[in-house]
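**Student:** Here it is, the structure in full.
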Amino acid sequence: MDKQGNRILSPEELLLTLPEKEDETVPRKITPAEYYSSPEFQRRQKLAREQRDREAFEKKVAFRAAQERNPIRGRPRRKRGRKFRSR
Numbered sequence: 005m006d007k008q009g010n011r012i013l014s015p016e017e018l019l020l021t022l023p024e025k026e027d028e029t030v031p032r033k034i035t036p037a038e039y040y041s042s043p044e045f046q047r048r049q050k051l052a053r054e055q056r057d058r059e060a061f062e063k064k065v066a067f068r069a070a071q072e073r074n075p076i077r078g079r080p081r082r083k084r085g086r087k088f089r090s091r
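Residue 5 is where the sequence shown starts when you use the working numbering, and the numbers rise one by one after that.
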């Protein structure tokens, strides 16, 4: 005992006096409907949708800018002479 009257315990004895932790319970399973309606899932879906829309828009803008710089022109038709005309 120390001067205040407390028992001095060794670390092993101290561990024996601590209450044992309860076993961690397994989280309950949720149904797909609960999962899909959850705010976390909705938020992730919204962010993914916005990302897809942004990427599609940027891709479209990049294509249009490239078209303005270097438009794709079709090949000119081959002109045939008189001998290929049929009547």
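Where is the CB? At the ideal position from N, CA and C, for every residue including glycine.
Quick one: what does DSSP say residue 84 is sitting in, helix, strand or coil?
**Tutor:** In the structure shown, residue 84 sits in coil (DSSP, three-state: anything other than H, G, I, E or B).
**Student:** What would DSSP say about residue 31, mapped onto helix, strand or coil?
**Tutor:** Three-state DSSP puts residue 31 in coil, outside helix and strand.
**Student:** Between residue 20 and residue 14, what straight-line distance do the alpha-carbon atoms span, to the nearest angstrom?
**Tutor:** Those two C-alpha atoms are separated by around 10 Å.
**Student:** Could you compute how far the alpha carbon of residue 45 sits from the alpha carbon of residue 29?
**Tutor:** Between residue 45 and residue 29, the C-alpha separation is close to 24 Å.
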